[in-house]
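Student: This is the structure, below, for whatever I ask next.
Numbering (this note's numbering), first residue to last: 19 to 191.
Structure, rendered in structure tokens:
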């Protein structure tokens with residue numbers, strides 16, 4: 019169960035230098051991890067990066083979860099900036115990876131995904147075995163995320179709702 023979330027948006031001035039700005043924004047991460055290990059909270063950082071060689075807007079972020087049922091820290095990235103495997107340089111992809119949380123409830127699994135600019139008709143869900151694939155598109159906003167579920171679920175047992183870009187998916191047992 020989540021206790022508390024700390025969120026910080028990195029100012030544009032810090033990110034204007036591209037990948038270097040990302041690294042400078044992560045300088046205090048180790049101190050925060052120690053704090054998180056003691057308090058059991060979630061830390062989320064995000065921002066925008068320009069100057070990556072194309073006209074797309076780069077969105078990056080990560081969520082660090084500590085003390086939420088496991089003893090180890092989990093770092094979950096989101097956004098649309100990836101490292102090109104051939105050149106090693108950061109590139110902006112058209113499709114963003116949203117922030118997703120998975121909660122196991124008594125009679126269902128709840129998946130909450132943040133997809134600004136998206137409404138319920140824009141979303142497509144596909145389940146195969148224990149992997150749920152979420153895709154959504156509206157205008158220039160495109161998202162895709164594969165979520166590992168704690169078990170297999172039939173497509174007809176999955177429902178979704180969306181309010182202001184916050185998608186809630188329920189997988190009934």
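For glycine and all other residues, C-beta sits at the position ideal for the given N, C-alpha and C.
1) Using only the alpha-carbon positions, how far apart do residue 189 and residue 170 sit?
2) If we ignore side chains and look at the alpha-carbon of each, how far apart do residue 102 and residue 113 end up?
3) Please state whether DSSP places residue 148 in a helix, a strand or coil.
4) Quick one: what does DSSP say residue 139 is sitting in, helix, strand or coil?
5) Quick one: Cα of residue 77 to Cα of residue 98, how far?
6) What are the start and end residues of the beta strand (DSSP E) that includes residue 161?
7) If you reduce the DSSP assignment to three classes, tell me which class residue 188 lands in.
8) Just the Cα atoms here: how many angstroms apart are residue 134 and residue 105?
Tutor: Let's see:
1) 9 Å
2) 15 Å
3) coil
4) helix
5) 6 Å
6) 159-166
7) strand
8) 31 Å
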